[in-house]
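Going line by line, the protein sequences match chains U and R. The first sequence begins at 30 in the numbering used here and counts up by one. The second sequence begins at 30 in the numbering used here and counts up by one. Even for Gly, the Cβ is constructed at its ideal location relative to N, Cα and C.
Number of protein chains: 2
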Amino acid sequence: MTVRFSEIRAMPGQPFTEGCPTRVVLDHIMGKWGVLVLLSLSDRTHRWGELRREVQGISEKMLAQTLRVLEADGLVHREAYPEIPPRVEYSLTPLGRDLMERMLPLVEWVAIHSDAIVGTDD
Amino acid sequence: MTVRFSEIRAMPGQPFTEGCPTRVVLDHIMGKWGVLVLLSLSDRTHRWGELRREVQGISEKMLAQTLRVLEADGLVHREAYPEIPPRVEYSLTPLGRDLMERMLPLVEWVAIHSDAIVGTDD
DNA sequence: CTGTATCCTTCTAGATACTG
DNA sequence: CAGTATCTAGAAGGATACAG
Chain U
30 MTVRFSEIRA MPGQPFTEGC PTRVVLDHIM GKWGVLVLLS LSDRTHRWGE
80 LRREVQGISE KMLAQTLRVL EADGLVHREA YPEIPPRVEY SLTPLGRDLM
130 ERMLPLVEWV AIHSDAIVGT DD
Chain R
30 MTVRFSEIRA MPGQPFTEGC PTRVVLDHIM GKWGVLVLLS LSDRTHRWGE
80 LRREVQGISE KMLAQTLRVL EADGLVHREA YPEIPPRVEY SLTPLGRDLM
130 ERMLPLVEWV AIHSDAIVGT DD
């Protein structure tokens, strides 16, 4: 194993204890919609409407909320073009790209093993 | 970037579309408590009471529920010893250990960057 | 096209009490 | 010690309508 959790836990600030900032970030990026939006953006820049279609099942409300949180976290960049009709493009910030480099191997694993896992029981 | 999402998306079964098994697995392992329980177990085998203490803030109900889901998924192994008082030990299965190898680098990233992220805004 | 605002339902999850 | 059962408050999330 490349990293051990005990080493991570021993880092300054005691990550993943109650009330710790890591818990908040974990909720943002590991939440149902956070992951799916970040995945879409890891591919390329997307417009609002594209994200609505690509992240299947997300409501406008949850898309707006998710994007606002990820933008406030500094993971997503929002670029609005003052045109009629309006055009807004969402992309990953450098920090967001750095994050996705760590997340994509995990997501790939999930894609490969999900059938077996859900097939086992659920 | 080591993997691209577009390649993952193109895999058989169209991962991460609506109703896909990957969505279910994602919810199990990326959920708030799923991650924290898996992290504790990635370190070593734990008894029920140890998990309650280590995963700070989790209720008995959520711990039981989380463990049952992860066990059904084949990620966690439950070993009950027929003693008085009873002793039950939880550990990762080989599949679970494989998963955590991909998850730990991500978790390490979160531990390192969380202060900056939450500091930015929330 | 890109959102916001509101209502309303469903589901999560914490607290409490209890059992083998 | 290792759980289960029940109840309930609150949050999450969907539908709809509307605005810039």
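- R/Trp-77 to U/Arg-33 span [Cα, whole Å]: Straight-line Cα distance between these residues: approximately 21 Å.
- Query: Per the contact definition of three or more C-beta pairs closer than 8 Å, is the stretch 53-67 of chain R in contact with the stretch 121-129 of chain R?
  - Reply: The stretch 121-129 of chain R and the stretch 53-67 of chain R touch, with no fewer than 3 CB-CB distances between them shorter than 8 Å.
- Starting from R/Ala-93, trace the alpha helix (DSSP H) both ways and give me its first and last residue. Element bounds for R/Ala-93: 89-101.
- Task: Determine the direct distance from the alpha carbon of U/Asp-72 to that of R/Arg-38, and round the result to whole angstroms.
- Result: Rounded to the nearest angstrom, the two C-alpha atoms are 10 Å apart.
- Item | For R/Val-84, three-class secondary structure by DSSP | Here R/Val-84 carries a coil assignment [DSSP, helix/strand/coil].
- Name the DSSP beta bridge partners of R/Glu-108, please? The partner list for R/Glu-108 (beta bridge, DSSP) reads R/Glu-118.
- Message: Below 7 Å on C-beta distance, what does U/Ile-146 contact in chain R?
- Response: In chain order: Val-54, Asp-102, Gly-103.
- Message: With distance defined between alpha-carbon atoms, name the residue in U/Ile-146, U/Ser-35, U/Glu-83, U/Glu-130 nearest to R/Gly-103.
- Response: Relative to the Cα of R/Gly-103, the nearest Cα in the group U/Ile-146, U/Ser-35, U/Glu-83, U/Glu-130 belongs to U/Ile-146.
- Message: Please state whether the Cβ-Cβ distance between U/Gly-86 and R/Glu-36 is less than 7 Å.
- Response: In this structure, U/Gly-86 lies away from R/Glu-36, with their beta-carbon atoms at least 7 Å apart.
- Cutoff 6 Å; reference U/Ala-101; Cβ partners in own chain excluding five residues on either side: Closer than 6 Å at Cβ, skipping near neighbours: no residue.
- In this structure, does DSSP put R/Arg-126 in helix, strand or coil? Taken through DSSP and simplified to helix, strand or coil, R/Arg-126 comes out as helix.
- Item | Proximity to R/Met-59 [Cα-Cα], best of U/His-142, U/Asp-144, U/Val-136 | Ranked by Cα distance from R/Met-59, the options U/His-142, U/Asp-144, U/Val-136 are led by U/Val-136.
- Task: Could you check which residue in R/Trp-138, R/Glu-89, R/Ser-143 has the C-alpha nearest to that of U/Met-129?
- Result: With distances taken between Cα atoms, U/Met-129 lies closest to R/Trp-138.
- Query: Can you list the residues of chain U that R/Gly-78 reaches, using a CB-CB cut of under 7 Å?
  - Reply: What R/Gly-78 touches in chain U: nothing, since even the nearest Cβ is about 17 Å away.
- Query: How should R/Ala-93 be labelled, buried or exposed, when 16 other C-beta atoms within 10 angstroms of its C-beta is the threshold for buried?
  - Reply: Exposed.
- Task: Measure from the alpha carbon of R/Phe-45 to the alpha carbon of each residue in U/Trp-62, U/Met-91, U/Met-40, then state which is nearest.
- Result: R/Phe-45 has its Cα closest to that of U/Trp-62, out of U/Trp-62, U/Met-91, U/Met-40.
- Contact belief for R/Leu-133 with U/Thr-95 at Cβ below 8 Å, rounded distance in angstroms: Between R/Leu-133 and U/Thr-95, the beta carbon gap of about 25 Å keeps them out of contact (Cβ cut-off 8 Å).
- Item | Three-state secondary structure assigned by DSSP to R/Arg-52 | The answer is helix: DSSP assigns R/Arg-52 an H, G or I state.
- Can you find a C-beta in chain U that's less than 7 Å from the C-beta of R/Ile-113? Answer no: the Cβ-Cβ gap between R/Ile-113 and chain U never drops below 7 Å.
- CB contact flag (U/Ala-140, R/Met-40, <7 Å): It is a contact, given that the beta carbons lie within the stated cut-off.
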